[in-house]
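Visitor:
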Ligand code: PLP
């Protein structure tokens, strides 16, 4: 008997599957609000000016290494220098981590690749227990369970009834987890939580990190949206700065794992540019060498080395002061547009959480609509949200906001 003939059909990707439906929908007023890709006020996915200028520099400058040879297994050395400086010196204000050689760093296939390599490393050497928020980016569970975690634990994050962070239950849940002999990882969204768009307040984060530290959990921080919370790239690294506050948290026993992506904040989605940094518990060059060697081995066994072009763009951008300045502006403009969308929708709907800057951030707004309501939006109005009720603000513009808000109003009655 052929086993391959018995392979069952996997469930369709919840988000990308919907776009296929959208593409086939004949409704001329249809709106796709499913995907997390930034679109401008005309509904176009564009390249940031800073990125376009970096591309031009690469095209025009013969001195830039443009050959198409392989990058090293852990990525391009300049990328490592530029990104570590941007993250640890500029964003987190901890240059000593670089000087003390305390960071094990690899260039990854964007944020997804960073989480996957982190998961594989953790499950091989440290733990196969991880807690992820309920809700979370659906791929988190998929990534961990495909990389050595038998299952994942879900901690309360979002209270669907109130639309608030389920703060006390979150803390209680963590405190009541049984200790099974190994430290436990905890996945945290650094900002702009996906799918709810709702982040803990700064005071809540402090209590949460206090608890995580007390319980000796391992922070695995997914930073896919740096810059999209406040429009300021540096400001948005606040969760990392908090975790690295040595007065409060002098020693993370098993380090901190940072999975970072330039997909959204540089608009490099398909170029797959990101990084995994493991902040080691102490400065120990032999430890770093051992960790690096194992990361290399994991990468080698999956894809050998990361792609070159996108990291070259990031390199030029991060190492050319006027382009970097432009990039900060580009991110700010993107966030200003998303905030203007929130305001335009608020003016029509009067839903206050749309404009609550303390806790509601980023590209997504969570409607708390039931699946029935989401289906009604799709079938009656040609408006596509993900089935959990997540709405991507980036697809909203002056041309469709009236139609959209009228439909949202009707469906929420
Ligand atoms: N993490 C979260 C929370 C995300 O929303 C995304 C993308 O949507 C990613 C990670 C990874 O994205 P990428 O692999 O494109 O960097």
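Residue numbers (full-length UniProt numbering): 22 to 434. We put the CB at the ideal spot given by N, CA and C, even for glycine. The structure displayed is predicted, hence computed values, not measured ones.
(1) Report yes or no: do three or more beta-carbon pairs, one from the region 201-218 and one from the region 230-239, lie closer than 8 Å?
(2) Just checking my contact of residue 108 with residue 298 at CB under 8 Å: how many whole Å lie between their CB atoms?
(3) May I have a chain-ordered list of the beta strand (DSSP E) segments no shorter than 3 residues that lie completely inside the region 373-422?
(4) Below 8 Å on the Cβ atoms is my guess for residue 262 versus residue 114; work out the distance and round it to an integer in Å.
(5) State the start and end residues of the unbroken alpha helix (DSSP H) segment that holds residue 288.
(6) Flag this pair as touching only if the region 209-222 and the region 374-385 have three or more C-beta atom pairs under 8 Å; answer yes or no.
(7) Taking 5 Å as the limit, name every residue whose beta carbon sits nearer than that to some heavy atom of ligand 1, in sequence order.
(8) Look at the Cβ atom of residue 334, then the Cβ atom of residue 292, and state whether they are nearer than 8 Å.
(9) Can you tell me whether DSSP reads residue 130 as helix, strand or coil?
(10) How many angstroms separate the CA atom of residue 356 from the CA atom of residue 395?
(11) What residue does the beta strand (DSSP E) around residue 244 start on, and which one ends it?
(12) Should residue 63 be labelled buried (16 or more other beta-carbon atoms within 10 Å of its own) or exposed?
(13) For the putative contact between residue 229 and residue 191, defined by C-beta atoms under 8 Å, what is the C-beta separation to the nearest angstrom?
(14) What number of angstroms, rounded off, separates the C-alpha of residue 97 from the C-alpha of residue 257?
(15) Let me know if residue 116 comes out buried or exposed under the rule of 16 or more other beta-carbons within 10 Å of its beta-carbon.
(16) Whole-angstrom Cβ separation of residue 39 and residue 55, contact assumed at under 8 Å?
(17) Give a yes or no on whether the C-beta atoms belonging to residue 125 and residue 265 are separated by under 8 Å.
(18) With burial defined as no fewer than 16 other Cβ atoms inside 10 Å of the residue's Cβ, what is the status of residue 150: buried or exposed?
(19) Taking the alpha-carbon positions, what's the residue 296 to residue 354 distance?
(20) For residue 267, which residues of its own chain have a beta-carbon under 6 Å away from its beta-carbon, when the five flanking residues on both sides are left out?
(21) Would you call the CB atoms of residue 365 and residue 320 closer than 8 Å?
Guide: Quick look at the numbers:
(1) yes
(2) Numbered from 1 along the chain shown, position 87 holds the residue referred to as residue 108. Numbered from 1 along the chain shown, position 277 holds the residue referred to as residue 298. Rounded, the Cβ-Cβ distance is 7 Å, consistent with contact.
(3) 385-387 and 411-413
(4) For the purposes of this step, residue 262 is taken as the residue at position 241 of the chain shown. For the purposes of this step, residue 114 is taken as the residue at position 93 of the chain shown. 7 Å between Cβ atoms; contact.
(5) In the chain shown, counting from the first residue as 1, residue 288 sits at position 267. Neither: residue 288 is in no alpha helix (DSSP H) and is coded neither H nor E.
(6) yes
(7) 57, 131, 132, 133, 158, 215, 243, 245, 282 and 284
(8) For the purposes of this step, residue 334 is taken as the residue at position 313 of the chain shown. For the purposes of this step, residue 292 is taken as the residue at position 271 of the chain shown. Closer than 8 Å, so yes.
(9) Counting from one through the chain shown, the residue named residue 130 turns up at place 109. Reduced to three states, the DSSP call for residue 130 is strand.
(10) Against the chain shown, residue 356 aligns to sequence position 335. Against the chain shown, residue 395 aligns to sequence position 374. In a straight line, the C-alpha of residue 356 is about 26 Å away from that of residue 395.
(11) Mapped onto the chain shown, residue 244 falls at position 223. 239-244 is the extent of the beta strand (DSSP E) around residue 244.
(12) Here residue 63 refers to the residue found at position 42 when the chain shown is read from its first residue. By the 10 Å Cβ count, residue 63 comes out exposed.
(13) The count along the chain shown starts at 1 and reaches residue 229 at position 208. The count along the chain shown starts at 1 and reaches residue 191 at position 170. 7 Å between Cβ atoms; contact.
(14) Here residue 97 refers to the residue found at position 76 when the chain shown is read from its first residue. Here residue 257 refers to the residue found at position 236 when the chain shown is read from its first residue. If I take the Cα positions, the gap works out to 25 Å.
(15) Taking the first residue of the chain shown as position 1, residue 116 is located at position 95. By the neighbour-count rule (16 or more Cβ atoms within 10 Å), residue 116 is not buried but exposed.
(16) Position 18 of the chain shown, counting from 1, holds the residue named residue 39. Position 34 of the chain shown, counting from 1, holds the residue named residue 55. Contact holds; Cβ gap of about 5 Å.
(17) Taking the chain shown and counting its residues from 1, the one referred to as residue 125 is at position 104. Taking the chain shown and counting its residues from 1, the one referred to as residue 265 is at position 244. No, these two residues do not count as a Cβ contact at 8 Å.
(18) Looking up residue 150 in the chain shown gives position 129. By the neighbour-count rule (16 or more Cβ atoms within 10 Å), residue 150 is buried.
(19) Here residue 296 corresponds to residue number 275 of the chain shown, with the count starting at 1. Here residue 354 corresponds to residue number 333 of the chain shown, with the count starting at 1. Straight-line Cα distance between these residues: approximately 25 Å.
(20) Within the chain shown, the letter at position 246 stands for residue 267. For residue 267, where only same-chain residues beyond five positions count, there are no Cβ hits under 6 Å.
(21) Counting from 1 along the chain shown, the entry for residue 365 is found at position 344. Counting from 1 along the chain shown, the entry for residue 320 is found at position 299. For residue 365 and residue 320, no; Cβs fall outside 8 Å.
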